[in-house]
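Residue numbers (the UniProt record's numbering), protein chains in the order written: chain A, 1 to 509; chain R, 1 to 509; chain X, 1 to 509; chain L, 1 to 509.
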């Protein structure tokens, strides 16, 4: 098994020749494209950290034979693995804002479970195709983009009802060697600078949507794949101290009659499993998002605390600054905790891998989705208007003006105007710029809309047990001792059996 | 009295020759500077609307002699004037995002009250200087920037305690003709493209800060004034359908030993009135901000409703979209209502003009300050990820890619991809771009920090009356009839006089 | 026209002989029933206040001929009347918690509008019947309970679909003298101690529900009316300093084949108007609720401020207490402001009376519905656990224990334990007792569920105008001057006519 | 080691003879006092559950020698123990509302840590006294009340500054056998029906407060101890289906010169440790509160879901009901997750036992403190006004009225009025009654005020590490590879050592 360095990952991109366009120009060498550098940097960090002894406990996972691979390429085999994955994502995102590559981890986890499930039900052979593919990914330490969101067209209509049949990716041909697919996937994170794509269905489908029930993997440069990408972060922007270095590109990826050999097909026509697969991916991914945004929260907290000090209003002295910083902590650690609970209460699938508890992963993602806006607000309240009103770098470069700025924008004694402005700009970059807007929206809609999470959390919740508990209580809750005369289910002297059923315990105890 | 057209306003800027720099370059002709066009446009609208018959009832105010002036240049003489001002600001900002010019209205209202108050207490003659200045402004239909926020340095220290004595604007010389001032004012809205500056103190001061107790007016090109400005909006940005047209510049304005003749000085040394003046301005301005952000809310609501329709998910059919749109309405109309109440419960000053109720104006500004982030969140939840992931205009311009985008980014039948993307970009511009970040921060910190409003609302609240009511109640509230034996204040047969005192009525009934 | 005193109102109840039962016993003389005293007291206050000179400006309304009647019995004829009604309700509820009688004012306003509307459309003669009834109410200064909420049965089914046809009140017989009605109305405020009932439909109905489309008035003791009432407040409870004096009874009122003469019938079969009538009532009533709960907020604010002082932590000194008190003010004045705006933007009906703006009245009611829980929370945070842990009055009465309590439960120097405990108990009564729970639920569900308000606010909102504004903007918003070449609607030199249409102005300017 | 049954616990109370008074009467036999039954029942359940095989994994803990004791009497020796404790508390409180007895668990954990710490620093011998006491508790399977909150008097003054020196419990005498203490503790949960009291200081003290720095244990009937208790729950109230069975008494406990032998003294004069001890207890206890209120949330969720069904509006069909139920789940599972995270990130003390992560336990307690009000609101919105307007049991008992109620208060077909009313009353009991108010306030203030948690969370947060991370980032975050030239701390090729320090890992990995 290979563990590439960051530099090796960048070089490896030259072995592919994808059809990529960004801001109206065709990209010939992805690894050298300045508009993608922040995105490439961020993924490089996921390779680098795996070489660092201090982080290897969470960055690496052991296969059955003891070999170590990057955890991003591995399945989770215990609740502890889930927890380490969460911590890994937080670490990566605290470094880079968004490491992008965890999407592949989430897709792999979902495919393991659902291919095994289909095979068990239908005697198909998807799981071994998947396992072979997993080995391929691990062997070469690949980065795959995960393509889920279809073009969708009219959101009130199902795939086969759309005016244009290609608004969801579909199988247009099946032959003995493989299948041919057509359509487009939107908002694909990291698309231009990955090695492969893993494609999953975006929603539950019904019988009439059978051709749209398809999942597969292809190299980034498979014939017929076209990538229309946006720049990653704010490359080459002097006002972007963070996102000129780390960002992420999203792309519209068109599959124009792309051939996929059978050993890369993981679902083809089994429409009853599309919802399960989409939901399984969402569950893993929402769990990852919790770690990711905790890393963003960490950065916002640190920068806000410093900004307050630079203004002469440290949180240790000023009650309203402390209260607001406390809120930042409450929000960040609050939703992070749901990721921990989702790990601890994870459960084992038919494939043997573990998945996070779906109630916790959904409510956690929902919390961060809505609260990322509160993080921004609190950071701004702590920091002050300078976050958006600081003079431009060009003004600071002119000696006369620079001197005046140096004089008048100082904060606390000992802190220069430049330091204050740099911190303000860092916060503007993260929270009040195009990049800030981007973080807000991917927090809100990445991994599904808030409404999808609200639905999903309720659907996975064991409401029957809660209702049974109350019905029982209303009959005999006074009876903490003795046989309950009213309730036939009280089968022992002391406590109702039925009652006991309503308590959930962790699976792996 | 003059009522300039928008075009006349733009031309009039050429009569001034301010020392302005933006993004590192010296500006020779402000009216022609592309980086300021969005800001100039927005102010031009405030002139244009005053000529439109449909809007003149709210855009114009009548002086004592019946002459009409732009309401932005007028004092408020009744609660109805306050309400019309609020409606005017909403109209302007629904057009332009931020009309900027209402800051001068707010400064004039505050100066009227406080100069009259000082004269009454100290037998000074500031009020007539102010009245003369008001006439000058009205006669020429001027736009003045209002400069309040000082450089401030270490925010935990008062003006005279700062390491550098010039971190708050101060009087460095007084002579028979006038005064000489030095210092800087930060975050000055519209600074480069106005006619004059009105300068106010930023906070309450104490005796030792006497030299910092100063208020005055000077032309934008007074010798010694230097303006380091930021671009207004996102000029010349193809991804900015709104803010390439309407925006606002903020600037650092340096007063480098600027001479001010006595007839333009409105406060000089009377430190006891600095807090009152700052608070009076804040009260007017917070009231204006309520109207301003309601106009922003209007735009966000309209665009979100359309975006939902374009996605095929109209709020009339989809419960969670309706709920979110309902929240947008609740927030916008909710804080707007405080502006109405602040008007209705306005009170008359010693100068004869009216000021909004300070409890309502403060809570309203606080509500919008915090809720502007919720407006963004809700707009994003309604609209979807396309707000930030839409392909760039350059990609759309390439025929092959453009065709694919046209095909795959369509929404509801009958709505083209281009329309959807244009609406997405409009929302990105308002809520998820540098401009969106700007709106967030000026909503939060414009007119004072949220903490300032929290303090101010409580300070102005008549807590004594509420406490008296309860103390009375606990003694004799059972006694709805007859003389209360326990409470000596019950002086009539039926109801307590003391009780009655705790009820507040509108002043102008 | 009569203006009864409180005592006269109480006596007047003896002229009726309703069939009332409370807590399992038949009530023979309502005016003497201890379990109803708090409710009777509260209504008596609405009579008393009308005699007090200080309050008559808001407590009385003038009829066309100048005669004064209690405003609770009058229609609103201007936006100022709406505002005074709001202030009146706040005053009454600050005294009594809930004055109950404003429900009749709201029913009268709705009946005026809708009977006039039906007559105009269908040439019926309901409006004159209504006018005659109004005169009757005013002449005798009556209190009517308003009965709206039907039994409803299965909430997912419409009236005619219910298993039992009587689960909504319906007409079972029509003859030349009048109609006979059967069914039950639930949660009727003040039912046992009023003079008459005004009955309105609870929802929009369809053709098949025609027999359920009925509105009428009957005396409280009409044959066939049976009232199963709950006690008002917490009568005779030593731990209830407030609600042993002021409270409200709610009742299930059964109409067991009750005859109603035609001159008391206001709707009979015109099912198309049931929704309009229900909504019209809701609109008036939600407006009233805003005033009512502001009065509750006033009491909570005063008591919380005092409690903080008694604990030695006055809001003037302690930042977190100040912040929490500030939140109480923000909430109370925040939703109250929507009542003011609903008044100011009220509109005239075909009947000539005024109705509050429905967007504002709905969002205001929604705000208070959800925020009453926040009021409780903040009051508790300010006051401390003593609100529920104070020793019982019986313990305090025992000398040895009383002495210990006096010693150990003192607060700030100079405040006795008894004073502290009394204030704690007052807050417990209002916010943490059965009465507190009652206030919470009537705030939430009185006048319709929160969901009903969410729907209603969106339905009344002028979304078309907002969408038109944005569509126009996206075509030509850059064109603040000159004719817009893209937009044919730009008919004058300066501004678009179409644009202008999207601005709403107050009706009575 | 003993494991009493519930019945044995009740009998064991007869071996004590405490000086107890409730509602003005002296209690001679606590076990038979009806006003305490709900509290006694709830504690009995904590004994019963320990005998039930299904629950023993979480109800029992193993000592070093393998003996099993009730986990409530045991220290936590791993992060898994912390998690099981959390689950145990949730189980108990889902049964009983509040098991009360976990306060002793929390006190024991705090005493273990701090006595060991003092001994290590000062060579005292408190830890062995504590260990002996722990063994005593375990051997007899005792229930101890934990007494923390002092009388406090003027909250703005410290203990020695109070007008009355006894407003905080203090040592009035020290002799060779032990100490004599005087003062009072307020709001003591379960006080009348426990075996012993564990007394802890309520806050950090300073040198002058030395006599107030005291911690000890005494039997409930130690001479000089007097208990003025409130009834537990709503005993014998026909409208209280839940709290007539399970509740908790709180009491004012007076220590009137009570003698404590040295082997029961755990702190005496070491004022520097009072804050540590108070905070250590708070940390354990806030963690427990998270489990406790999750149990309350479980009950509210189950009952709300049933109520919605009974109304004919099941959450599976009705979007706004589903959204509200989803919110209930989000809140309950959201704060519960912080308890899980506090467990997982727990740390080992010098005494060898484990304590929860203080940031997580504080934010979790803060979340539930504020959100319990939201739980109530959502339950009410789902359930409707019937929660407080259901007819009284006495009315239902009268045949004629009962029949009408049966007819008109039915809900969904197949659900009787009685079932609906019973469920409504259950919800009223939990959320809109005196008991509901009690749950609200103990959630808010139990274990310290919300402000205490806000302070505590920030104080325990590793802000230095977050700031260091940002400062480092602003210097060299672009350098994901190679040696950073600007930052001297970058000591290896790939990643900064300094950076790495800012990442926190779990302790027991």
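Ideal Cβ positions, reconstructed from N, Cα and C, are used throughout, including at glycine. Quick caveat, the model's predicted, so the values are computed rather than measured.
Proximal residues of chain R, C-beta to C-beta of residue i below 9 Å
{"i": "residue 136/L", "result": "Ordered by position in chain R, no residue passes the 9 Å Cβ test against residue 136/L, which lies about 48 Å from the chain."}
Cutoff 8 Å: residue i Cβ touching any chain R Cβ
{"i": "residue 32/X", "result": "no"}
{"i": "residue 60/X", "result": "no"}
{"i": "residue 21/A", "result": "yes"}
{"i": "residue 459/A", "result": "no"}
Beta carbon proximity, residue i to chain A, threshold 8 Å
{"i": "residue 304/R", "result": "no"}
{"i": "residue 146/L", "result": "no"}
{"i": "residue 419/R", "result": "no"}
{"i": "residue 463/L", "result": "yes"}
Residue-level contact to chain X via CB, residue i, 8 Å cutoff
{"i": "residue 388/L", "result": "yes"}
{"i": "residue 184/L", "result": "yes"}
{"i": "residue 486/R", "result": "Legend: pLDDT at residue 486/R = 42, less than 50; position of this residue unreliable, value from coordinates given subsequently. With 8 Å as the cut-off, residue 486/R does not count as an interface residue toward chain X."}
Chain L within 8 Å of residue i, Cβ atoms only
{"i": "residue 410/X", "result": "yes"}
{"i": "residue 202/X", "result": "no"}
{"i": "residue 212/R", "result": "no"}
Interface residues of chain R facing residue i [CB-CB closer than 7 Å]
{"i": "residue 441/A", "result": "380, 385, 387, 388, 432"}
Among the options, nearest to residue i - alpha-carbon criterion
{"i": "residue 390/X", "options": "30/X, 33/X, 426/X", "result": "426/X"}
{"i": "residue 330/X", "options": "328/R, 337/R, 325/R", "result": "337/R"}
{"i": "residue 473/A", "options": "174/L, 242/L, 232/L, 183/L", "result": "242/L"}
{"i": "residue 342/L", "options": "352/L, 332/L, 356/L, 333/L", "result": "356/L"}
Cross-chain neighbours of residue i in chain A, by beta carbon under 7 Å
{"i": "residue 157/R", "result": "312"}
Contact list for residue i against chain L, beta-carbon separation under 9 Å
{"i": "residue 404/X", "result": "184, 226, 228, 252, 254, 256"}
Per DSSP, the bridge partner or partners of residue i
{"i": "residue 468/R", "result": "Bridge partners of residue 468/R: none, in fact."}
{"i": "residue 70/L", "result": "60/L"}
Residue i: contacting residues in chain A (beta-carbon distance under 8 Å)
{"i": "residue 391/R", "result": "228, 230, 252"}
Where the stretch 310-332 of chain X meets chain A: residues whose CB sits under 8 Å from a CB there:
319, 320, 323
Against chain L: residues of the stretch 348-377 of chain A by CB proximity under 8 Å:
359, 360, 363, 364, 366, 367
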